[in-house]
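See below for the structure under consideration.
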C-alpha cells in the first residue's frame, strides 16, 4: 500500500503503463503503446473508426461500498463497449483518464485499470494510453473507446422508419431495480433473492457480439443502447429518426424477479421496466421482413431478444398498449444526472 | 444564464451538440457526428491513427481567476495538440468529457467548448463527441484527441542515439515563469512587462505545423513535448531512448524577459528555464547531418529552434555545461501534480 502522494505522479503512471503494456503487447495493431506522448494505432484497411467517451464519478455513477475497483473498471468498460455495440462496431483501443485524490492507494488504480482491461480484452480491445490528474473530492474515471466498422456499415439512431419493428435485448429495468433495492434496503439488498438484479446493476454486460451478429442480417435500421432507461432512450431514437413508437405490454418478456422487486419497492412494474436504468441492453429498429433472421442471430448469441412493438409516423409520441387493449403514454422519463440529488 | 440543474443534462448536451455540429459539418470525414452513441470517422487510406488524452482540473491545471472558459478550452486543446505535434501527427477529431457542478452556467460550458473547438479548427480538427457528468467540487475537462500520420511515420520518444543533436523550440520556461509570477505577485503579475510570460502560461500554442515540416526533413530521431519542463521531459526522452544528454548554457537562446522574471522571483535563471513549466514546446533529437534542414524548416514555420546540446551514451546522465566550461547536473526535476500542494 502506497499513496499517490508518496509515490508521485510519474511512478504511478509507470505502474499503470507497465500493466497496460502487458496487455497491449498482445495487440498487433498497436504501433506505439503506453508511455509515449500518444498511442499509434493501425486501423484495418478501409475501416471507419467509431469513437465514444463515458465517465464515472464516485458517488454518482459508482458507489465504492457496492463495487470494488476492479468491478467498477469492468463496468466502465461495458458502459463504453455498449455505445460501440449500439453502432455495431468492433472495439479495439481505449484511453483511460483518471482523476485521483493524492491519498489514494496506487494499487486501487491498478486494480481498476486491470478490471477494465480484462473486460475490454474479452471483446478484443486493449488500454493503450491514459492520463492521471490530481483531484480533491470525488474521484473520476473517463474512458474513451475506439472501435472499427467496415466502411459505411455503422448503425445510427436516425434510420428507424414507420412500420419498423421495435426489439430489445435482455430484461430492461433490472439494473435500475438493483440500484433502487440497494438504496431502499441497504445491506438487505445483498440477500440472494436479489442477486441477479444487483448483478445487472454492478456487473452489466455489453452486447458487442450480438450487435455484430445482428449487423450481419442487414435488417437493423437504427439502434441505441439503454443506458438511460428504455423509455428515455426510445425517445432519443425516435427524436433522431423522426418517428413515434407503440409498445405492447403483452409482448414484454416475463421477468418474475422484476415483478417481486416492484412489489418490494412499492413502484409500478412499468416504471421499473421503462424508467431510468443503466441496462446496457440494445434497443433496435428492425425491418419487418428481418425479424426471423434477427431472432436466429440472437439465439445463436445466447441473448434474449424480444419484439415489443413498432415504430409509427407520429413523431415523439410514445404509447404503451396495455393488456386491456388501451393505449396510454409510455411511463418513465430518462435519468437526469443533474437532477438526481 | 441558466444552470445545468435548471436545464437538465439532456438540454445542456443538446446545446453542446448543436455547437459541435456547426463545426463538424465542415469536416468531410465525420460520417456520424455529435448526438449518436458514438462518432463515426473516416481515416485516410493507409494512415496510422494517433491518440492522446489530457485533462484539466479546476484549481490545479487552470485558475478561473486567470483564465476565462474560452481561454481554458483553447489551452486544453493546445495541451493535446502538443502531444500530437510530438508524434508529428495531423490532428483530426476530438471528444470532450466534462465533469460539471449542477450550479454551473450552461453558457460557461458552451464557451469553453467553443474556445477549444476554435483552437482545434486552426489545426484542422473538430470536436465530434463528448460526455457530461455531474460532480461536486472541482470541475474537470478531459479531452481525447485523434490524429493521423502516414503509416509508420510517427515520431516516438525512443529513437534518440548518442551523438544526435538536442534541439528545442521557442523559449522554454516562460509558462512556468508566468504561473510563478501570478502566484508571487497576484494582480501585480498583470503588469504589461510580464504580459508575454502570462501569455506563454495562459495562451500557449502547440507546434503542429512545425512538427509536420520537421518530419519532412527525415532528420528527427525522437521527440517529446515540454509539458513538465525541459529537464523533466528531457529525462523522459533519455529514459525511453537509453541515452544521456549534455546541454550547453551558451547555446540557449537569449531571453531577457525570463532573466528579469528570475531576478524578480529570486530564483536562478536555470531553474526557470529547465524546471516545471507547461510550455508545449518541442524537444527533439536530430541527426547531426540534418541540422541545417531543420533550421530551414523552423525558419519557414516562423518558430525559433535552438540547438542546445547533444545526446550521449551515458543513460540517464543529464549535464549542463556552464559558460565557465564546467559540467554540472542539469537543474529542474519534473512537475509532480500529486506533490504540488
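Protein chains in written order, with my numbering: chain W, 104 to 444; chain C, 104 to 444. Note that beta-carbon positions come from the ideal geometry of N, C-alpha and C, so glycine has one too. Computed from a predicted model, the values in this text were never measured in an experiment.
Which word fits residue i, buried or exposed, when buried means at least 16 other C-beta atoms lie within 10 angstroms of its C-beta?
| i | result |
| --- | --- |
| residue 216/W | buried |
| residue 311/W | buried |
| residue 260/C | buried |
| residue 190/C | buried |
| residue 444/C | Any answer about residue 444/C is weak, because its pLDDT of 33 lies below 50 and its placement is not dependable; what the coordinates show is given next. By the neighbour-count rule (16 or more Cβ atoms within 10 Å), residue 444/C is not buried but exposed. |
| residue 242/C | buried |
| residue 366/W | exposed |
| residue 429/W | exposed |
| residue 353/W | exposed |
| residue 140/W | buried |
| residue 202/W | buried |
| residue 206/W | exposed |
| residue 137/W | buried |
| residue 131/C | exposed |
| residue 149/C | exposed |
| residue 271/W | buried |
Under the assumption that residue i contacts residue j (Cβ atoms under 8 Å), give the Cβ distance between them as a whole number of angstroms.
| i | j | result |
| --- | --- | --- |
| residue 384/W | residue 235/W | Between residue 235/W and residue 384/W the Cβ distance is about 33 Å, and since that is not below 8 Å, they are no contact. |
| residue 475/W | residue 185/W | This structure does not reach residue 475/W, given that chain W is present from 104 up to 444, and the question cannot be answered. |
| residue 226/C | residue 194/C | 5 Å |
| residue 219/W | residue 199/W | 7 Å |
| residue 321/C | residue 418/C | Their Cβ separation, rounded to whole angstroms, is 26 Å, which puts residue 321/C and residue 418/C out of contact at 8 Å. |
| residue 179/C | residue 246/C | 5 Å |
| residue 134/C | residue 151/W | 6 Å |
| residue 424/C | residue 349/C | 6 Å |
| residue 414/W | residue 265/W | 6 Å |
| residue 334/W | residue 421/W | 7 Å |
| residue 364/C | residue 284/C | 6 Å |
| residue 107/W | residue 171/W | In fact, because the Cβ distance is near 19 Å, the residues do not count as touching under 8 Å. |
| residue 450/C | residue 267/C | Residue 450/C cannot be examined here, being either before or after the span of chain C that is shown, 104 to 444. |
Does the separation of the CB atoms of residue i and residue j fall below 9 Å?
| i | j | result |
| --- | --- | --- |
| residue 406/C | residue 252/C | no |
| residue 183/W | residue 173/W | no |
| residue 340/C | residue 327/C | yes |
| residue 372/W | residue 269/W | no |
| residue 123/W | residue 233/W | yes |
| residue 388/C | residue 306/C | no |
| residue 280/C | residue 166/C | no |
| residue 222/W | residue 181/W | yes |
| residue 273/C | residue 435/C | no |
| residue 324/W | residue 392/W | no |
| residue 258/C | residue 314/C | yes |
| residue 377/W | residue 433/W | yes |
| residue 228/W | residue 255/W | no |
| residue 303/C | residue 357/C | no |
| residue 119/W | residue 213/W | yes |
Using a beta-carbon distance below 9 Å, is residue i in contact with chain C?
| i | result |
| --- | --- |
| residue 151/W | yes |
| residue 226/W | no |
| residue 448/W | The first residue shown for chain W is 104 and the last is 444, placing residue 448/W beyond what the model contains. |
| residue 155/W | yes |
| residue 261/W | yes |
| residue 229/W | no |
| residue 105/W | no |
| residue 414/W | no |
| residue 264/W | no |
| residue 181/W | no |
| residue 213/W | no |
| residue 196/W | yes |
Does the CB of residue i have a neighbour CB from chain W at under 9 Å?
| i | result |
| --- | --- |
| residue 190/C | yes |
| residue 435/C | no |
| residue 443/C | Because residue 443/C carries a pLDDT of 41, less than 50, the predicted location of this residue cannot be relied on, and the following value inherits that uncertainty. Chain W, which has a Cβ nearer than 9 Å to the Cβ of residue 443/C, makes this yes. |
| residue 308/C | no |
| residue 294/C | no |
| residue 252/C | yes |
| residue 139/C | yes |
| residue 186/C | yes |
| residue 144/C | yes |
| residue 159/C | yes |
| residue 222/C | no |
Quiz prompt | Residues of the stretch 356 to 373 of chain C whose Cβ lies closer than 7 Å to any Cβ of chain D, in chain order | solution = Absent from the structure is chain D; the protein chains it does hold are W and C.
Practice problem: Mind checking the stretch 313 to 339 of chain C against chain W and listing, in chain order, the residues whose C-beta falls within less than 7 Å of any C-beta there? | Solution: 327, 328
Quiz item: What residues in the stretch 232 to 247 of chain C have a beta carbon less than 9 Å from any beta carbon of chain W?
Solution: 232, 233, 234, 235, 236, 237, 238, 239, 240, 241, 243, 245, 246, 247
Quiz item: Got a sec: which bits of the stretch 199 to 212 of chain C sit with their beta carbon under 7 Å from any beta carbon on chain W, in order along the chain?
Solution: 200, 202, 205
Quiz prompt | Near-chain C residues of the stretch 163 to 176 of chain W - C-beta to any C-beta below 9 Å | solution = 163, 164
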